[in-house]
Each structure stands twice: as structure tokens, then as C-alpha cells.
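Engineer:
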Amino acid sequence: MAKSTVITLADWYHDKAKTITFGTPDSTLINGLGRWSEGNQTDLSVVNVTQGTRYRIRLVNTACDSAFTFSIDNHTMTVIETDAVENEPIEVDSLVIYAGQRYSLVLNANQTVGNYWIRADPNSGTEGFTNGINSAILRYTGADDAEPPTLDITNTNQLNESDLVPLDNQAAPGDPVVGGVDVAMFLDYAFTSDAVFTVNGVEYVPPTVPVLLQILSGAQSADSLLPSGSVISVPRNATVELSMTGGLLGLEHPMHLHGHTFSVVRAAGASDYNFVNPIRRDVVSAGDSTDNVTIRFTTDNPGPWIFHCHIDWHLENGFAVVFAESTDEWNSTIIPTDQWDNLCPTYDSLSSDDL
1 MAKSTVITLA DWYHDKAKTI TFGTPDSTLI NGLGRWSEGN QTDLSVVNVT
51 QGTRYRIRLV NTACDSAFTF SIDNHTMTVI ETDAVENEPI EVDSLVIYAG
101 QRYSLVLNAN QTVGNYWIRA DPNSGTEGFT NGINSAILRY TGADDAEPPT
151 LDITNTNQLN ESDLVPLDNQ AAPGDPVVGG VDVAMFLDYA FTSDAVFTVN
201 GVEYVPPTVP VLLQILSGAQ SADSLLPSGS VISVPRNATV ELSMTGGLLG
251 LEHPMHLHGH TFSVVRAAGA SDYNFVNPIR RDVVSAGDST DNVTIRFTTD
301 NPGPWIFHCH IDWHLENGFA VVFAESTDEW NSTIIPTDQW DNLCPTYDSL
351 SSDDL
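Residue 1 is where the sequence shown starts when you use full-length UniProt numbering, and the numbers rise one by one after that.
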């Protein structure tokens with residue numbers, strides 16, 4: 001019988017969030033524990049397994065910034081779920097997981113009883129595994145309470161996002177040609193001399209009144225919604241295709257859409273489009289400067305859905321737009337509860353130290 005466990009990956013900073021503009025993490029935490037490259041040998045997280053048992057690992061990247069290359073020494077992993085979308089099983093020995101992404105992995109505890117390194121090498125901060133940084137321990141029942149031996153591990157079968165295939169509803173919405181949708185748009189990402197991000201020339205500045213409350217309070221059209229230029233109106237039951245700039249500032253930005261999963265019809269690193277069976281997910285890497293990452297979704301969920309970079313510093317500095325979907329239906333389909341009425345008073349009553 002298979003068992004289930006959760007592994008969270010995070011970046012850790014010695015400075016407080018309020019003081020960080022563009023931060024570099026000091027450590028990687030795996031299930032809340034990790035070592036600093038200049039610190040002592042603090043305890044590492046241990047994931048306990050029993051030989052002969054199969055495990056579903058729910059891997060979550062909760063980082064502010066870092067993407068991690070994840071692997072477990074001497075073990076392969078079978079990817080079965082991507083951002084809550086079940087996919088056809090695919091066996092790998094490592095994968096890159098960006099901020100906000102989730103995977104379910106099947107791990108067979110079929111190795112000799114012992115301790116094995118769990119590795120999460122970040123793309124920012126101190127890389128590598130010297131003295132147990134960026135690491136945790138997979139420990140078999142019966143193994144010594146000790147750290148694994150340091151091995152020179154080379155992974156040769158890293159996950160390629162283009163190889164992921166959803167189990168059902170495989171075809172992308174729209175016609176199987178580039179631009180074969182009701183609404184097609186290019187999102188041009190830029191970084192200005194004022195150190196802010198823009199999408200199609202506009203920095204996202206959070207409005208004093210959230211977009212949803214603007215509509216529920218009587219705003220008549222998407223054109224009147226704030227922030228001006230950052231709200232894109234899309235009609236009900238339309239197919240939408242978004243292509244985007246890659247490699248801004250030399251980074252692979254993880255882009256997240258609220259309210260939908262989307263089909264990745266052209267993934268980072270891919271030269272061709274896949275309209276037949278592209279993976280569906282809700283966070284995708286925009287890739288590098290040679291990429292033209294393209295996603296599709298259907299507007300079947302009325303509401304204001306933000307699309308943003310999942311690197312916190314970038315979102316804070318304007319890297320977002322809002323899709324105002326079927327605004328004429330919001331008042332009839334979105335019914336606020338009593339809890340909604342309490343949100344603003346609760347927030348307004350917080351002290352500055354809590355914000």
C-alpha cells in the first residue's frame with residue numbers, strides 16, 4: 001500500500017522581508033530545516049521510509065525566489081501530478097521546480113537500508129551541497145542516525161516539461177494553429193531604469209480598492225477599473241492564448257495565473273507547439289530569451305484573475321496584470337459572504353508590524 005508525505009522547499013533570508021528589495025537567499029530549507037554555508041552543523045530534515053514501500057511525495061516550492069533542482073540519491077521518481085493536474089507517469093532522476101509549482105512524485109523505497117541525500121540545489125544564493133547545505137536526509141527504517149556518505153552523483157534523466165501529458169482533457173482549447181483562439185495577445189515584459197517591471201509598458205500598482213470590490217461596488221466597465229492599463233478585459237467562454245517574453249534580466253520567471261489551469265502549448269526550451277496533449281498547470285517558466293512560451297485557457301470562471309511573476313520581489317515591483325473575466329456576470333455569480341465583509345476591517349486593524 002502506498003503512503004503519502006509532503007516535502008516543502010523554501011529559501012531563507014537573514015534580513016526581514018520589509019527591508020529586502022531584491023534579495024539573495026542565505027539558505028535553503030527542506031521541510032523547514034537547512035544549513036547556512038557560513039553557519040554550524042544544525043540538524044537537517046529527515047524523511048523516513050520503509051524498505052519495500054511505495055510513497056507519494058507531494059513536492060511544493062514555497063520559495064520567494066529560488067527555483068530548485070530536486071533529486072534523491074540512488075533513487076528515481078515517477079512524476080504523476082503537476083500543479084494539481086494528474087499526468088501520465090514519467091520516470092526521472094531529477095527535476096527543476098520553480099516558485100509556486102507543485103509535483104506529486106512516486107518514490108519506491110527499493111534501495112539498501114541506509115541514509116540517502118535529498119538534494120535541492122537553488123538557482124540563487126549558495127549552490128552545491130558542501131557540509132550538507134541545500135539538503136535533507138532520506139532515512140530507511142533500521143538505518144543509523146547518521147548523515148549519508150558524500151557521493152559524486154550525476155543525474156542524466158531530468159524532467160522535460162514538454163514530455164508531461166495530462167491524463168484527461170488533453171487537447172488545448174481553440175484550433176490547433178498558432179493564434180487559433182478568440183483572444184490572442186503577446187505579453188511584453190520589461191525592467192525599467194526606475195527598477196520596476198512592466199507588462200506591455202505598464203507597471204502594476206495595487207489599487208486602494210481591489211478589482212473585485214470595484215465591480216461589486218458599481219464599476220460599470222473594465223475600462224474604468226484600476227490600476228489603469230493593468231486590467232485586461234476578456235469575455236465569457238472565450239479561448240485565450242498568451243505568449244510572453246523570456247529571459248528578462250537573464251532569469252526564467254515563473255508565471256502564475258489565478259482562477260485557472262492553462263495548457264502549455266509551447267514550453268520553455270521547446271521549438272514546436274503542442275496543441276494535441278500539452279500539460280496543464282498554473283505556474284510556468286517564461287524560459288530564456290530564445291523562448292516563446294505560450295499558454296491557453298478558456299474563460300469559464302468569471303472573476304478578476306491576476307497573472308504574475310511568482311518571484312516575490314518582482315511582483316512587489318509591478319510584474320503583474322489582471323484579467324477581468326466576464327465582468328458583467330460578477331454581481332450575479334459572485335455572492336460575498338459575511339467573512340468577506342470582515343476582510344477589510346480585519347486588515348485595517350492590523351498594526352504596521354503585522355503587515
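Here a beta-carbon is modelled for each residue, glycine too, at the ideal position from N, C-alpha and C. Since we're looking at a predicted model, the values are computed, not measured.
Serine 289 to glutamine 51, Cα distance in whole Å?
Structural biologist: Here residue 289 is taken as the residue at index 289 of the sequence shown, counted from 1. Here residue 51 is taken as the residue at index 51 of the sequence shown, counted from 1. The straight-line gap from Cα to Cα measures roughly 45 Å.
Engineer: Where are the beta strand (DSSP E) runs, 3 residues long or more, that stay fully inside the stretch 175-203, in chain order?
Structural biologist: The qualifying runs are 183-187, 189-191 and 197-199.
Engineer: Are the stretch 242-250 and the stretch 182-192 touching by the rule of at least three beta carbon pairs closer than 8 Å?
Structural biologist: Enough Cβ pairs lie closer than 8 Å, so yes.
Engineer: Just to confirm before moving on: does the CB-CB distance between valine 46 and alanine 136 stay below 8 Å?
Structural biologist: For this step, residue 46 is matched to residue 46 along the sequence shown. For this step, residue 136 is matched to residue 136 along the sequence shown. Contact: yes.
Engineer: Can you look up glutamate 325 in the DSSP assignment and give me helix, strand or coil?
Structural biologist: For this step, residue 325 is matched to residue 325 along the sequence shown. Residue state, collapsed to three classes: strand.
Engineer: Can you check whether the CB of serine 263 is closer than 8 Å to the CB of proline 173?
Structural biologist: As a first step, residue 173 is located in the sequence shown; it is residue number 173 there, counting from the start. As a first step, residue 263 is located in the sequence shown; it is residue number 263 there, counting from the start. A contact, by the Cβ cut-off of 8 Å.
Engineer: Whole angstroms is fine: what's the gap from threonine 78's alpha carbon to proline 89's?
Structural biologist: Taking the first residue of the sequence shown as position 1, residue 78 is located at position 78. Taking the first residue of the sequence shown as position 1, residue 89 is located at position 89. Cα-Cα distance, rounded: 6 Å.
Engineer: Would you call aspartate 291 buried or exposed, if buried means 16 or more other Cβ atoms sit within 10 Å of its Cβ?
Structural biologist: As a working mapping, residue 291 is identified with position 291 in the sequence shown. Flag for aspartate 291 reads buried.
Engineer: So, helix, strand or coil for lysine 16, using DSSP?
Structural biologist: Residue mapping note: residue 16 aligns to position 16 of the sequence shown, counting from 1. If DSSP states are grouped into helix, strand and coil, lysine 16 belongs with coil.
Engineer: Who does threonine 346 pair with in a DSSP beta bridge?
Structural biologist: Sequence index remark: in the sequence shown, residue 346 carries index 346 (1-based). Threonine 346 pairs with nothing; no bridge assigned.
Engineer: Could you tell me the boundaries of the beta strand (DSSP E) in which valine 211 lies?
Structural biologist: Here residue 211 refers to the residue found at position 211 when the sequence shown is read from its first residue. Where valine 211 is concerned, there is no enclosing beta strand (DSSP E), although the alpha helix (DSSP H) it sits in stretches over 211-216.
Engineer: What's the gap between the Cα of asparagine 134 and the Cα of alanine 99?
Structural biologist: Within the sequence shown, numbered from 1, the residue matching residue 134 stands at position 134. Within the sequence shown, numbered from 1, the residue matching residue 99 stands at position 99. Each residue's Cα considered, the two are about 16 Å apart.
Engineer: When you compare the stretch 261-277 with the stretch 302-320, are there three or more beta-carbon pairs, one atom per stretch, that lie closer than 8 Å?
Structural biologist: As far as the Cβ criterion goes, the stretch 261-277 does not touch the stretch 302-320, which means the pair count is below three.
Engineer: Mind pulling the beta strand (DSSP E) runs of 3 or more residues that sit fully within the UniProt domain "Plastocyanin-like" (204-327)?
Structural biologist: Correct list: 231-234, 239-244, 254-257, 262-266, 283-285, 294-298, 303-309 and 320-325.
Engineer: Are phenylalanine 197 and serine 243 closer than 8 Å when you measure CB to CB?
Structural biologist: Counting from one through the sequence shown, the residue named residue 197 turns up at place 197. Counting from one through the sequence shown, the residue named residue 243 turns up at place 243. No, the Cβ-Cβ distance between phenylalanine 197 and serine 243 is not below 8 Å.
Engineer: If asparagine 277 sits next to alanine 171, beta carbons under 8 Å apart, how far is it from one beta carbon to the other, in whole angstroms?
Structural biologist: Translated into positions along the sequence shown, residue 277 becomes position 277. Translated into positions along the sequence shown, residue 171 becomes position 171. Indeed, because the Cβ distance is near 7 Å, the residues count as touching under 8 Å.
Engineer: Among Ser71, Ile335, Thr298 and Ser326, which one has its Cα closest to the Cα of proline 235?
Structural biologist: Residue numbering aside, residue 235 sits at position 235 when the sequence shown is read from its first letter. The shortest Cα separation from proline 235 among Ser71, Ile335, Thr298 and Ser326 belongs to Ser326.
Engineer: Tell me where the beta strand (DSSP E) around threonine 333 begins and ends.
Structural biologist: Residue mapping note: residue 333 aligns to position 333 of the sequence shown, counting from 1. Counting along the chain, threonine 333 falls outside any beta strand (DSSP E), though it belongs to the alpha helix (DSSP H) covering 330-333.
Engineer: Can you tell me the Cα-Cα spacing of aspartate 182 and isoleucine 334, whole angstroms?
Structural biologist: Counting from 1 along the sequence shown, the entry for residue 182 is found at position 182. Counting from 1 along the sequence shown, the entry for residue 334 is found at position 334. So the two alpha carbons sit approximately 25 Å from each other.
Engineer: Does DSSP classify aspartate 73 as helix, strand or coil?
Structural biologist: Locating residue 73 in the sequence shown gives position 73, counting from the first residue. In this structure, aspartate 73 counts as coil in the three-state DSSP scheme.
Engineer: Between which two residues does the beta strand (DSSP E) holding glutamate 127 run?
Structural biologist: For the purposes of this step, residue 127 is identified with residue 127 of the sequence shown, where counting begins at 1. Run containing glutamate 127: none; DSSP gives neither H nor E here.
Engineer: Relative to the alpha-carbon of aspartate 11, which residue among Ser351, Gln41, Ser124 and Asp93 has its alpha-carbon at the smallest distance?
Structural biologist: Here residue 11 refers to the residue found at position 11 of the sequence shown. Of the candidates Ser351, Gln41, Ser124 and Asp93, the one whose C-alpha sits nearest the C-alpha of aspartate 11 is Ser124.
Engineer: When DSSP labels each residue in this structure, what does glutamate 91 get in the three-state scheme?
Structural biologist: Locating residue 91 in the sequence shown gives position 91, counting from the first residue. Residue state, collapsed to three classes: strand.
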